[in-house]
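Shown next, in C-alpha cells, is the structure this report addresses.
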Amino acid sequence: MQSTDLGNKESGKIWHRKPSPATRDGIIVNIIHNTSDYHPKVLRFLNVAFDGTGDCLIAGDHQGNIYVFDLYGNRFNLVQRTAQACTALAFNLRRKSEFLVALADYSIKCFDTVTKELVSWMRGHESSVFSISVHASGKYAITTSSDTAQLWDLDTFQRKRKLNIRQSVGIQKVFFLPLSNTILSCFKDNSIFAWECDTLFCKYQLPAPPESSSILYKVFAVTRDGRILAAGGKSNHLHLWCLEARQLFRIIQMPTKVRAIRHLEFLPDSFDAGSNQVLGVLSQDGIMRFINIQTCKLLFEIGSLDEGISSSVISPHGRYIACIMENGSLNIYSVQALTQEINKPPLPLVKVIEDLPKKKLSSSDLKMKVTSGRVQQPAKPRGSKIQTRILKQDLTGDFESKKNELPDGLNKKRLQILLKGYGEYPTKYRMFIWRSLLQLPENHTAFSSLIDKGTHVTFLNLQKKYPIKSRKLLRVLQRTLSALAHWSVIFSDTPYLPLLAFPFVKLFQNNQLICFEVIATLIINWCQHWFEYFPNPPINILSMIENVLAFHDKGLLQHFIDHDITSQLYAWPLLETVFSEVLTREEWLKLFDNIFSNHPSFLLMTVVAYNICSRVPLLNCNLKDDFEFFFHHRNNLDINVVIRQVYHLMETTPTDIHPDSMLNVFVALTKGQYPVFNQYPKFIVDYQTQERERIRNDELDYLRERQTVEDMQAEVDQQRVEDEAWYQKQELLRKAEETRREMLLQEEEKIIQQRQRLAAVKRELQVKEMHLQDAARRRFLKLQQDQQEMELRRLDDEIGRKVYMRDREIAATARDLEMRQLELESQKRLYEKNLTENQAAVAKEMRADADAYRRKVDLEEHMFHKLIEAGETQSQKTQKWKEAEGKEFCLRSAKKASALSDASRKWFLKQEINAAVEHAENPCHKEEPRFQNEQEDASCLPRTSHLNDSSEMHPSTQISLNRRAVEWDTTEQNLIQKVRNLRQRLTAQARHRCQTPHLLAA
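So for the sequence shown, numbering that gives the first Met the number 0 puts the first residue at 0; every next one is plus one.
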C-alpha cells in the first residue's frame, strides 16, 4: 500500500510507482494531509465525490482545502481554499470542470476546477446542507438540510422550488432517482414520497414497513436503473423496496456484529444493465460489507476495527471506492483487486424467476440472513404460487459425461484438457474452479456449530510452537484447526495437521468456511489411509510410494537404502506439508491445480516424481542431515517438469503397484452436515485419549501438588528472602549509616574547607572592597578637589574680575579724588582769596574803626583834655559814653566774626554730609585720602582767632572773642568727631557688604 502526504503542495503525483493493490485489502493509495508548521497537525478529509467519468474525484478537508485527484492521469491539484469546512460535494454537473460545495455557513458555491474561480454563490438554507443530488442531465440540483430541501436551476443558479415541511417532521434525504425525472423524498417518520421533477406532482407514496421489522430509516441507496430502493437505520436489518411494485419485497438481516447502518451504496457493474446486485453496507464498526442482494452472500469487506471507515463513495463505473477513514485520511480501493478472489460463476443454466406475491407477506416470510457462502432463498409463503421456468439441457449423453459434470455448469474433462494445455488454471477463476472440482457444500450451519465450540484445548498455545507474524493469520489457523479437532478427535492429536493446513489457511484467510471444507475434502480424499497406523506415519502409503519408486528408479532407491534413508525421510516430509516447504506460492498453486483435477493417487505420484526429478542432487547427498535439509527447503527444480513426470508415472505405473487401485475415488463432502471421519484406529485414539486424559488428570494432580509445594516453597522462599532481605537491609542500613557518617565527615571537612575558602574569598572581597572604596574615595576626593579647584579658579576669576573692577573703580575714584582735590584746591585758593579779601576788608574796617576809634580816642582825649577843664563831673558821663561805644563796637565785631564762623561751619558741614553720602553710595573707595583732605579742608577753615588781631582789640573784647572762639572750636571739634564716627560706621557696613559674597563663595 502506497501512502501520499499532500503537505503544503498544491499539485503533484498521487503515487510514485505503479499501484499494485493486494487482494486482502485492495488499497491503491492512502492519502493523508499533514501540515508542516511548527506544530504539525492532520487535516481531516470530510467529503468526497466522483465526477461523471469515475476517473476523477474531489475531496475537501475541515479547513476548506478542496483537491481534485485524477486517478487516470496520476495527478492531484488544489483547486480552492474556502477557509471553512465543507459539508457536501457534487462533481457530476453538466459542465465537467465545475463542482458544487456546501459550506459551514449554510451557503452553496460553484467553482471551476480549471480557472479556480467562483462561478456562483447560492444562499437560502438556514441550517447545514448535508446532501447534494444532481439530476442525470446535470441541469438541476437538490440541496438538503434538516429543515428544508431546495431545487436549483444550475443554468441560472436560481432557486426553482423549496420544500417546506412541518417542524416536527424532519428530512432524512431528498434525491433524484438515477436516469429518471423523479424526486424521492424520505422523512424522519419513515414516509417516502415520489415527485415529478417538472410539475412537483406527487406520483406515489410507499406503504409503511411491517411492524415486526419496523426501523427508522436513516440511509438510502438506489440501483442505477431506479427499480430497487435499499433503506437501513439503527438496526441490522435492510429493507429492499421494489419501486415499480411500490412494496417491500425483501428484508436482509446483516451479521450480529452489525448494530447500525451508517451508509448504503450499490456497486455498479458494466454488465448488469443498471440492476445492481452488490450492495455496500457501512456499519457502526467502521467496516463496509458488500453483499449480493439476491443470494445474500457476503462477497468481501473493506475497513477494519483498527482502521474504520467514516464515509465512502463508489465511482459510477464501479472501478474505485473512495473511503474517508476515521483517522481523517482518504483510501482509494480497487474493486477489481477486491473481487479477484471471489468465485464469480457464469450465468446459471437454470434460472428461477419469481413473481411478486399478491398476498401481503410478513417480515418472517421476507427475511433472509447474510452468509459468507451458501445461498438462502426466502421461505415460500403458504397459499402463494410461484411460477418457475426451467431451461433444460439435452440429457443425451453417456454415463461418463454425467460423471464429469460439475456444479455451476463446469465439466471436469474439459477442465483437465484446459489444464494440460496451459499448465494451470486462470488466476481469476482458480478459486471458483477449485470449489467446483471439490464440490464444496458450504455448510454454514454445521461450520458455525464447530466454530461456536471455541478454540480447542490442543491449540490454545499454538503461537508458541508456530510463531506467525500476522495475528489475523494465526487466529484463522487456530480456528480452522479447532474446527477440525471438534469435527474428529483424531485431528486434536495429529502433530502435522498445522503444517498441512497452513497453506490453505493462508490462501483462504478471508473465507474460513471455504478453507475448512477444502482441508476436510483434502483429508477425506487425498489423505486416505493416513491414519491407520496412527500415531505413526502411514506405513502403507509410504510403502506404495516406495514400490512405485522402486519400479521407476531402482538406483535412487538403492542410494536411499545404502545411506539408511527411509520413506519417512524422502516421502513423508513432502506429504505432511503438502509440498508447501519446497515450492513457492505460484508453483504450489499450479501443482494443486493438477492434484485437485485428478485422482487422489496423483498426490502420491507427485512425491515419487519429485524424487526422480531431483535424482542428481539426491545422489550427491551422503549425509542424513543433507537429505533432511533437501526435503525441508526449496530447491532449484522446475515444477512443470515434475508435473509432466507425474502424468508419465500415472500412465506407466503397473496396475498392481499403482496407488489408484488401493485408493478410493473422489468423494465430496455431504451437504447439511459433514460426514463422520473415523478412518483411524479408534482403540488407539481412544486409548491415547484415555491415556492423555489420565496423563492430563495426573498432570493436573501433579500440578496442583506441585503448585501447593511451590506455594509452600514460595512462602518459605519468600520468608527466607524477606529475612535475607531484612538482614541485607540492616547490613545495607549499617553500611549506609557508616557511609553517610563518612560522607558527613567528608562533607563537614568540605564545608570547613569551603568556609575557609569562603573566608579567604570574603577577605579578598573585603580587601577588594576596601581598595574599591579607597579608589572610589580617591576618585571622589579628586572629583571634589577638581570641583574645588574649578571653584577656586572660578573664584580667582571672580576675585580677579572684582579686583580688576575695584582697581578700575579705585583708579576712577583716584581720578575723581584728584579732580576733587583740584576742585578743593581751586576752591581753597578761591576761599583763601575771598578770606584774604574779607580779612583785608575786615582788617581795613577794623583799622578804619581803630583809626576812627583812635581819632575818636584822640578826639576824646583831646576833648578830655578840653573837658578836664570843664569839670570833673562831666568826665564820668564821658567815660560811660566811651564804654558804651566800646561795647557797641565789640558787639558789632563779634557779630561779624560769628556770622563768618557760622558760614564756614555750614559750608564744612555741607561738605562732610555730601562726602558721607557719596561714601555710602561707593563704600569700597579708599577713605584715608578723604580724611586727610577733610583735615586739610578743616585746617583751611577760617578761625575766628585768625580774624582778629588781638593786639588791636580791646582787652575785654579780646577776652570775649577768645572765649567765644574756644566755644566755637569745641563745637567744631564735636561736629567733626560725629562726622568721623558716622563715616566709620558707614565704612564698616560697606566693608561688611563687600566681604559677605566672598565668605559665601568660600
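From the three backbone atoms N, C-alpha and C, an ideal C-beta is built for every residue, glycine too.
Between the CA atoms of Q477 and L512 - distance to the nearest angstrom
The residue you call residue 512 lines up with position 513 of the sequence shown. The residue you call residue 477 lines up with position 478 of the sequence shown. Looking at the backbone, the Cα of L512 and that of Q477 are separated by about 13 angstroms.
Compute the beta-carbon to beta-carbon distance between I638 and K589, rounded to the nearest angstrom, for a pair I have assumed lies under 8 angstroms.
The residue labelled residue 638 in the question sits at position 639 within the sequence shown. The residue labelled residue 589 in the question sits at position 590 within the sequence shown. 6 angstroms between Cβ atoms; contact.
Do A482 and F446 have their C-beta atoms closer together than 8 angstroms?
The sequence position of residue 482 within the sequence shown is 483, counting from 1. The sequence position of residue 446 within the sequence shown is 447, counting from 1. The beta carbons of A482 and F446 sit closer together than 8 angstroms.
Give the DSSP-derived three-state secondary structure of R16 in the structure shown.
The residue labelled residue 16 in the question sits at position 17 within the sequence shown. The three-state reading of DSSP puts R16 in coil, since its state is none of H, G, I, E or B.
Roughly how far, in whole angstroms, is the beta-carbon of S310 from the beta-carbon of H262, given that I think they are within contact range, below 8 angstroms?
The count along the sequence shown starts at 1 and reaches residue 310 at position 311. The count along the sequence shown starts at 1 and reaches residue 262 at position 263. Right, the Cβ-Cβ distance comes to about 6 angstroms (below 8 angstroms), so this counts as a contact.
Nearest-angstrom Cβ-Cβ length linking Q1 and V41, presumed shorter than 8 angstroms:
Taking the sequence shown and counting its residues from 1, the one referred to as residue 1 is at position 2. Taking the sequence shown and counting its residues from 1, the one referred to as residue 41 is at position 42. Between V41 and Q1 the Cβ distance is about 18 angstroms, and since that is not below 8 angstroms, they are no contact.
For P425, count the other beta carbons within 10 Å of its own beta carbon; 16 or more makes it buried, fewer makes it exposed. Which is it?
Position 426 of the sequence shown holds residue 425. Exposed is the label assigned to P425, since fewer than 16 other Cβ atoms lie within 10 Å of its Cβ.
Identify whether C889 lies in helix, strand or coil by the three-state DSSP scheme.
Numbered from 1 along the sequence shown, position 890 holds the residue referred to as residue 889. Reduced to three states, the DSSP call for C889 is helix.
For R828, which beta-bridge partners are listed by DSSP?
On the sequence shown, position 829 is the one that residue 828 refers to. Its beta-bridge partners do not exist; DSSP assigns none.
Could you pull the start and end residues of the beta strand (DSSP E) that Q252 belongs to?
Within the sequence shown, residue 252 is the residue found at index 253, counting from 1. Annotation: the continuous beta strand (DSSP E) that includes Q252 extends over 246-252.
Of all the beta strand (DSSP E) runs that stay within the bounds of the region 209-251, which reach a length of 3 or more residues?
Segments of the beta strand (DSSP E) lying fully in the region 209-251: 216-221, 227-232, 236-241.
Pick helix, strand or coil for F578, following the three-state DSSP scheme.
Along the sequence shown, read from residue 1 onward, the residue named residue 578 stands at position 579. DSSP places F578 in the coil class of the three-state scheme, outside both helix and strand.
Let me confirm a value: I57 is counted as buried when at least 16 other C-beta atoms fall within 10 Å, else exposed. Which label applies?
Looking up residue 57 in the sequence shown gives position 58. Buried: at least 16 other Cβ atoms inside 10 Å.
Can you list, in chain order, the residues of its chain whose CB lies under 6 angstroms from that of D146, leaving out five sequence neighbours each side?
If you number the sequence shown from 1, residue 146 lands on position 147. Hits under 6 angstroms: S126.
In this structure, does DSSP put G799 in helix, strand or coil?
Reading the sequence shown from its first residue, position 800 is the one you call residue 799. G799 falls in the helix class under three-state DSSP.
According to DSSP, residues forming a beta bridge with W194
Reading the sequence shown from its first residue, position 195 is the one you call residue 194. Note: W194 sits in a beta bridge opposite I182, C201.
So F49 packs on V218, CB below 8 angstroms; how close in whole Å?
Locating residue 49 in the sequence shown gives position 50, where the first residue counts as 1. Locating residue 218 in the sequence shown gives position 219, where the first residue counts as 1. That pair is no contact at about 18 angstroms.
Using a threshold of 8 angstroms, state whether the C-beta atoms of R226 and C241 are closer than that.
Mapped onto the sequence shown, residue 226 falls at position 227. Mapped onto the sequence shown, residue 241 falls at position 242. Annotated as proximal: R226 and C241, with beta-carbon spacing under 8 angstroms.
Since D316 and G123 should fall inside the 8 angstroms C-beta cutoff, what is the C-beta to C-beta distance between them, to a whole number of angstroms?
To locate residue 316, count along the sequence shown from 1; it is residue 317. To locate residue 123, count along the sequence shown from 1; it is residue 124. According to the sequence as given, residue 316 is His; it is not Asp. With a Cβ gap of about 34 angstroms, H316 and G123 do not count as contacting.
Any idea which residues DSSP pairs Y332 with across the strands?
Translated into positions along the sequence shown, residue 332 becomes position 333. Per DSSP, I26, I320.
Please state whether DSSP places L263 in a helix, a strand or coil.
Numbered from its first residue, the sequence shown carries residue 263 at position 264. In this structure, L263 counts as strand in the three-state DSSP scheme.
Any chance the region 201-208 sits against the region 144-160, with 3 or more Cβ pairs inside 8 angstroms?
Judged by Cβ distances under 8 angstroms, the region 201-208 makes no contact with the region 144-160, as fewer than three pairs qualify.
So who's on the other strand from S310, going by DSSP bridges?
Locating residue 310 in the sequence shown gives position 311, counting from the first residue. Per DSSP, I323.
Is the beta carbon of A135 sitting closer than 8 angstroms to the one on L99?
As a working note, residue 135 is residue 136 in the sequence shown. As a working note, residue 99 is residue 100 in the sequence shown. Remark: C-beta atoms of A135 and L99 do not approach each other more closely than 8 angstroms.
Of the listed residues L176, F186, N442, C322, nearest to G169 (C-alpha basis)
Working through the sequence shown from its first residue, we reach residue 169 at position 170. Among L176, F186, N442, C322, the Cα nearest to that of G169 is on F186.
In terms of residues, what are the limits of the beta strand (DSSP E) holding Y569?
By one-based count along the sequence shown, residue 569 stands at place 570. Careful: Y569 lies outside any beta strand (DSSP E), inside the alpha helix (DSSP H) at 566-569.
Element boundaries [beta strand (DSSP E), containing S119]
Looking up residue 119 in the sequence shown gives position 120. That run of the beta strand (DSSP E) goes 117-121.
What three-state label does DSSP hand L153 in the structure shown?
For the purposes of this step, residue 153 is identified with residue 154 of the sequence shown, where counting begins at 1. Looking at L153 - three-state DSSP - the assignment turns out to be coil, as it is neither helix nor strand.
Considering just the uninterrupted stretch of the beta strand (DSSP E) at M604, what are its terminal residues?
Position 605 of the sequence shown, counting from 1, holds the residue named residue 604. Careful: M604 lies outside any beta strand (DSSP E), inside the alpha helix (DSSP H) at 600-612.
In angstroms, rounded to a whole number, what distance separates the CA positions of N91 and L162?
Position 92 of the sequence shown, counted from the start, is the residue given in the question as residue 91. Position 163 of the sequence shown, counted from the start, is the residue given in the question as residue 162. If I take the Cα positions, the gap works out to 23 angstroms.
Can the beta-carbon of I292 be found closer than 8 angstroms to that of L278?
As a first step, residue 292 must be located in the sequence shown, where it is residue number 293. As a first step, residue 278 must be located in the sequence shown, where it is residue number 279. Yes.
Taking buried to mean at least 16 other C-beta atoms within 10 Å of its own C-beta, is F200 buried or exposed?
Position 201 of the sequence shown, counted from the start, is the residue given in the question as residue 200. Label assigned to F200: exposed.
Would you mind stating whether D502 and V577 have Cβ atoms separated by less than 8 angstroms?
In the sequence shown, counting from the first residue as 1, residue 502 sits at position 503. In the sequence shown, counting from the first residue as 1, residue 577 sits at position 578. According to the sequence displayed, residue 502 carries Pro and not Asp. Yes, the pair counts as a contact, with Cβ atoms nearer than the cut-off.
Inter-stretch contact at 8 angstroms, needing at least 3 Cβ pairs: the region 453-473 / the region 532-543
A contact is defined here as three or more CB-CB pairs under 8 angstroms, and the region 453-473 fails this definition with respect to the region 532-543.
Beta strand (DSSP E) containing A101: first to last residue?
Against the sequence shown, residue 101 aligns to sequence position 102. DSSP places A101 in the uninterrupted beta strand (DSSP E) bounded by 97-102.
Could you please give me the residues that DSSP links to E746 through a beta bridge?
Position 747 of the sequence shown holds residue 746. Beta-bridge pairing links E746 to no other residue.
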